[in-house]
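A.B. asks: In the UniProt record's numbering, the protein residues as written are 1 to 754. Below you will find the structure I want to go over with you.
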Amino acid sequence: MHSKNSTDEWLSIQESKIWELPQGEDRIISVLKLSFDALKSPSLKQCFAYCSIFMKDVEIERNDLIQLWMAQGLLLSSSSLEMEDIGNEYFYILLENSFFQDVVKDDWGIITKCKMHDLVHDLSELVSRYDGEDKLDVGQAQFPSLIPNKISERNAGKLRSLFVNGEALGNILASFTSLRVLKLYRSDIEELPISIGELKHLRYLDVSETHIKELPKSIGRLYNLQTLRMPSSSSLQTFPKELQNLINLRHVYFNEYMEVPFGIRRLTHLQTLPSFTLDGTRSHGIDELGGLNKLKGELIIRSLEYVRGKDEAKESNLVRKTNIRSLRLEWGNSRERNDDDKNVLDGLEPHPKLESLYISSFLGSKFASWMMSGLPGNLKKIVLSNCRECEVVPTLGHLPNLRHLFISSCPNLELIPITEGLPCLRELKIKDSYCPKLTSILIHSLTSLRKLFIYDYGPESVSSSLEELSLLGCTSLRDVNIRNCKGFSGILSGLKSCTSLRSLCVDTCPNLMHLPIDGLQTLVSLEELRICYCPNLEAVPSLDYLTSLRELHIYSCGGLTSIPSGLASCTSLTNLSIDSCPNLVSIAEDVSRLQSLTRLSIYDCGKLQCLPTGLQFLTRLEHLTIGKFSEELDSFPDFEAPSHVEELRLWGWPKLKSLPQQIQHFTSLTSLSIISFNQVEALPEWLGNLTSLTFLGIQRCENLMYLPPVKAMQRLDKLQELVVDGCTRLEERCAKKVGLEWPKISHVPNVMGT
Numbered sequence: 001m002h003s004k005n006s007t008d009e010w011l012s013i014q015e016s017k018i019w020e021l022p023q024g025e026d027r028i029i030s031v032l033k034l035s036f037d038a039l040k041s042p043s044l045k046q047c048f049a050y051c052s053i054f055m056k057d058v059e060i061e062r063n064d065l066i067q068l069w070m071a072q073g074l075l076l077s078s079s080s081l082e083m084e085d086i087g088n089e090y091f092y093i094l095l096e097n098s099f100f101q102d103v104v105k106d107d108w109g110i111i112t113k114c115k116m117h118d119l120v121h122d123l124s125e126l127v128s129r130y131d132g133e134d135k136l137d138v139g140q141a142q143f144p145s146l147i148p149n150k151i152s153e154r155n156a157g158k159l160r161s162l163f164v165n166g167e168a169l170g171n172i173l174a175s176f177t178s179l180r181v182l183k184l185y186r187s188d189i190e191e192l193p194i195s196i197g198e199l200k201h202l203r204y205l206d207v208s209e210t211h212i213k214e215l216p217k218s219i220g221r222l223y224n225l226q227t228l229r230m231p232s233s234s235s236l237q238t239f240p241k242e243l244q245n246l247i248n249l250r251h252v253y254f255n256e257y258m259e260v261p262f263g264i265r266r267l268t269h270l271q272t273l274p275s276f277t278l279d280g281t282r283s284h285g286i287d288e289l290g291g292l293n294k295l296k297g298e299l300i301i302r303s304l305e306y307v308r309g310k311d312e313a314k315e316s317n318l319v320r321k322t323n324i325r326s327l328r329l330e331w332g333n334s335r336e337r338n339d340d341d342k343n344v345l346d347g348l349e350p351h352p353k354l355e356s357l358y359i360s361s362f363l364g365s366k367f368a369s370w371m372m373s374g375l376p377g378n379l380k381k382i383v384l385s386n387c388r389e390c391e392v393v394p395t396l397g398h399l400p401n402l403r404h405l406f407i408s409s410c411p412n413l414e415l416i417p418i419t420e421g422l423p424c425l426r427e428l429k430i431k432d433s434y435c436p437k438l439t440s441i442l443i444h445s446l447t448s449l450r451k452l453f454i455y456d457y458g459p460e461s462v463s464s465s466l467e468e469l470s471l472l473g474c475t476s477l478r479d480v481n482i483r484n485c486k487g488f489s490g491i492l493s494g495l496k497s498c499t500s501l502r503s504l505c506v507d508t509c510p511n512l513m514h515l516p517i518d519g520l521q522t523l524v525s526l527e528e529l530r531i532c533y534c535p536n537l538e539a540v541p542s543l544d545y546l547t548s549l550r551e552l553h554i555y556s557c558g559g560l561t562s563i564p565s566g567l568a569s570c571t572s573l574t575n576l577s578i579d580s581c582p583n584l585v586s587i588a589e590d591v592s593r594l595q596s597l598t599r600l601s602i603y604d605c606g607k608l609q610c611l612p613t614g615l616q617f618l619t620r621l622e623h624l625t626i627g628k629f630s631e632e633l634d635s636f637p638d639f640e641a642p643s644h645v646e647e648l649r650l651w652g653w654p655k656l657k658s659l660p661q662q663i664q665h666f667t668s669l670t671s672l673s674i675i676s677f678n679q680v681e682a683l684p685e686w687l688g689n690l691t692s693l694t695f696l697g698i699q700r701c702e703n704l705m706y707l708p709p710v711k712a713m714q715r716l717d718k719l720q721e722l723v724v725d726g727c728t729r730l731e732e733r734c735a736k737k738v739g740l741e742w743p744k745i746s747h748v749p750n751v752m753g754t
């Protein structure tokens, strides 16, 4: 209705008798009908009516819908617009008029899927005319019956669209002489009948997610076919050579490792081609792509090691493919250094409108000249993977639209200068690269950068010799993740300028000794700080002013003797864990001000002799893990905790002969785990006071033999699950029906480990 501009048009709507109808679905449908009637183009109305072909509440793929409209002849190209362009225009008009909703977008913000509201779907059915058992004539659009063998012979010859799900086609297919759309999506068929070639009017064929292993040669007689959707699985490996006869084919979908047959150069209307794999034969060279200048979207070219030099590579004519948005260039992985790769890459220069570039297993020592002198300015994403011989990344300055940069498995890189000129860069990942020559990463003036990941999961780190990470002027940076940088010793400059930082993770940096002393206090937006597996870290800067911090995790940092000061100022903290810090002597901070804290874990700190004060004032604390403290202690350190804690995990150590008495006051506990109390032989009677327990876990208590008395255990009438694990003596005594402790636990529905 937004297209109505004149007063008369709006007055006619106001005076419509529709508003006199009673409230209810009929009135809503009638109001929606006004929006339908307002659509100016008859073909646009037919396109909407065709949408009733889909089931209610199903996701509709935008491209699929447009290709179905094309197949029905509802979209007519012009001198300046392709059918797909008109279809896109129609789609967005229907979206703007609220006929579509619940849209899904890809990484570039382009709508890929949508749904129809049930009432809008009812309207699409309403505006379709019915004829007997089949949905048929609506102008030029035709509609399907879902079960082939129930279609009358009279209607079979009229039917233009047939959706089949779960039924074999048999010999009936040849009866559909007017069929334009055949969708066998997710049906049970394993082969297409040869008679498929008799469907001379067929423009759309979908056999995706079927079990078809081979296409019949007769498919080459479908001269009007525009769209062919093949299984995405590996069951179908090759096309018949007759595919080259489908000269009107515009879109073909298949799993990206299928072999495209010789002669694809004849399909000059082709817009969608997922991938093209070279095989080393002259008959299947890269020149096959030369004339396919209407290709759109993403193109993957594999096995580029079979291309001989720049001139042969230029025969692909990539520079004239103005509608390729994403280009992926892949060489074979099992090769040695090959400087001819650079010459080949020189000949694969794309059009300047390219948005995404992925280069994999390139083994030249330098990238192509067109990359080093200035990449296409429209690029939004760059991925460089397994480029093992390259020493320098391409010039990255002056890429105003670049949002994502990923570099992985590039071991010879000496320098990664990522500085100003990338105003839109949001995500930077450097991973899986053993770079012995790389000593510094400079990241300066990237005002839009939000995520930084430097990590590796292999036997070698992202850089064994990386010493410096410089972050200057990255005012929008939100996530920094530094992982497995074995040479990183702590020169992390510029961190204080990252005032938008929300998450900082430093993980497995064994040589890290310190973080910048003044680097945290300006991070007023920081919500998560995670420092793990840094055994030589001696201190963590003060946490003063980090009032937004919600999670603090310090794990396996053997060099720490005290927790960072300023903890009391972290009033937004909800999750605090200090685990496996064997030299931590004390936690002197009072935690009573941490009124948002819901989870607290202080565990496996072998020199710790006391818990922080103020635990009893943590009114929101629900989950508590404590224990495994100094082995000099022969009893649990005194502590008070709020009685409303719901989950408690309690760890012991060799000298302890009893559980801490304080636990009996935790009357709100629903889950209790007792772990590694090796000298405890019997659980106390007061355990029966914990009447809210639904779960009780007893683990690795080697000498434990006795549960609380029968009466005490029977008071645990809400207990649903008892787990006994690693407690040899107790497990024997809790054996079902025969164990001496069994009568105490026979009322528990789920007993495990006995």
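Heads up, the beta-carbon is just placed ideally off N, CA and C, and yes, glycines get one too. Model, not experiment: these values are computed from the prediction.
Rounded to whole angstroms, how far is the Cβ of Gln720 from the Cβ of Thr694, which I believe are closer than 8 Å?
C.D. replies: 5 Å
A.B. asks: Pop quiz: Leu292 and Thr268 are said to be a contact at Cβ under 8 Å. What is the actual Cβ separation, rounded to whole angstroms?
C.D. replies: 7 Å
A.B. asks: Starting from Gln67, trace the alpha helix (DSSP H) in both directions and tell me its first and last residue.
C.D. replies: Arg62 to Ala71
A.B. asks: Ends of the beta strand (DSSP E) at Leu650?
C.D. replies: DSSP places Leu650 inside the beta strand (DSSP E), whose first and last residues are Glu647 to Trp651.
A.B. asks: Could you work out which residue in Ile219, Tyr90, Thr598 and Ser542 is closest to Ile194 when comparing CA atoms only?
C.D. replies: Ile219
A.B. asks: For a minimum of 3 consecutive residues, which ranges assigned as the beta strand (DSSP E) are wholly contained in the stretch 190-275?
C.D. replies: 204-206, 227-229 and 251-253
A.B. asks: Considering only the beta carbon of each residue, do Asp339 and Trp331 sit closer than 8 Å?
C.D. replies: no
A.B. asks: Would you call the stretch 590-600 and the stretch 559-573 touching, i.e. three or more CB-CB distances under 8 Å?
C.D. replies: yes
A.B. asks: In three-state DSSP terms, what is Val319?
C.D. replies: In this structure, Val319 counts as helix in the three-state DSSP scheme.
A.B. asks: Please check the pair Leu348 and Leu318, which I expect to be a contact at CB under 8 Å, by giving their CB distance rounded to whole angstroms.
C.D. replies: 6 Å
A.B. asks: In this structure, how does DSSP classify Ser30 when only helix, strand and coil are distinguished?
C.D. replies: helix
A.B. asks: Measuring CB to CB, does Cys485 end up less than 8 Å from Cys505?
C.D. replies: no
A.B. asks: Quick check: the stretch 626-640 against the stretch 666-673, are at least 3 beta-carbon pairs closer than 8 Å?
C.D. replies: no
A.B. asks: Within 10 Å of its beta-carbon, does Ile86 have 16 or more other beta-carbons around it, so buried, or fewer, so exposed?
C.D. replies: buried
A.B. asks: Does the pairing of the stretch 541-552 with the stretch 573-581 give three or more beta-carbon distances under 8 Å?
C.D. replies: yes
A.B. asks: Just the C-alpha distance for residue 756 and Leu683, rounded to the nearest angstrom, thanks.
C.D. replies: The requested residue 756 is not part of the displayed model; the chain covers only 1 to 754.
A.B. asks: Just list the alpha helix (DSSP H) runs in the UniProt domain "Disease resistance protein winged helix" (53-123), keeping only unbroken ones of 4 residues or longer that don't cross its boundaries, in chain order.
C.D. replies: 62-71 and 83-96
A.B. asks: Our contact map puts Leu202 next to Asn224 with C-beta atoms below 8 Å; I'd like the distance itself, whole angstroms only.
C.D. replies: 7 Å
A.B. asks: Confirm, please, whether the CB-CB distance from Leu446 to Leu422 is below 8 Å.
C.D. replies: yes
A.B. asks: Can you tell me whether Asn97 is buried or exposed, with buried defined as 16 or more other CB within 10 angstroms of its CB?
C.D. replies: buried
A.B. asks: For Pro394 and Ser503, I'd like the C-alpha separation in whole angstroms.
C.D. replies: 29 Å
A.B. asks: Beta-carbon within less than 7 Å of Ile66's beta-carbon, same chain only, minus the 5 sequence neighbours each way: which residues are those?
C.D. replies: Glu84, Gly87, Asn88 and Phe91
A.B. asks: By the 10 Å Cβ neighbour count, where 16 or more other Cβ atoms means buried, how is Gln271 classified, buried or exposed?
C.D. replies: buried
A.B. asks: Cα-Cα, which of Leu501, Val252 and Cys410 is closest to Leu452?
C.D. replies: Looking at the Cα atoms, Leu501 is the closest of the given residues.
A.B. asks: List in chain order: all unbroken beta strand (DSSP E) runs of 3+ residues lying wholly within the UniProt domain "R13L1/DRL21-like LRR repeat region" (286-410).
C.D. replies: 297-302, 324-330, 356-360, 381-385 and 404-408, all fully within the UniProt domain "R13L1/DRL21-like LRR repeat region" (286-410).
A.B. asks: Can you check which of these residues, Gln521, Leu428 and Leu515, is closest to Tyr478 by C-alpha distance?
C.D. replies: The question names Tyr, yet the displayed sequence has Arg at residue 478. Checking every option, the nearest Cα to that of Arg478 belongs to Leu428.
A.B. asks: Under 8 Å by Cβ, that's how I've got Leu659 and Phe677 pegged, so tell me the actual separation to the nearest angstrom.
C.D. replies: 7 Å
A.B. asks: Please classify Val710: does DSSP put it in a helix, a strand, or coil?
C.D. replies: In the displayed model, Val710 falls within a helix according to three-state DSSP.
A.B. asks: Please return the same chain residues whose Cβ sits closer than 6 Å to the Cβ of Leu39, not counting the five positions on each side in sequence.
C.D. replies: Excluding its 5 nearest sequence neighbours in each direction, Leu39 has C-beta neighbours in its own chain below 6 Å: Lys45, listed in chain order.
A.B. asks: Should Glu631 be labelled buried (16 or more other beta-carbon atoms within 10 Å of its own) or exposed?
C.D. replies: Answer is exposed; the Cβ neighbour count stays below 16.
A.B. asks: Keeping to the same chain, check which residues put their C-beta closer than 6 Å to that of Lys310; ignore five residues upstream and five downstream.
C.D. replies: Cβ neighbours of Lys310 beyond the five flanking positions: Asn343, Asp346 and Gly347.
A.B. asks: How many whole angstroms separate the CB atoms of Ser178 and Leu159, which I take to be in contact at a CB cut-off of 8 Å?
C.D. replies: 7 Å
A.B. asks: Using 8 Å as the threshold, is the C-beta distance between Ser562 and Leu584 below it?
C.D. replies: yes
A.B. asks: Roughly how far, in whole angstroms, is the beta-carbon of Gly377 from the beta-carbon of Pro352, given that I think they are within contact range, below 8 Å?
C.D. replies: 7 Å
A.B. asks: Going by CA-CA distance only, name the one from Ile300, Ser409, Asn386 and Leu215 that's closest to Lys241.
C.D. replies: Leu215
A.B. asks: Val645: which of Trp651, Asp634 and Leu618 sits nearest, CA to CA?
C.D. replies: Leu618
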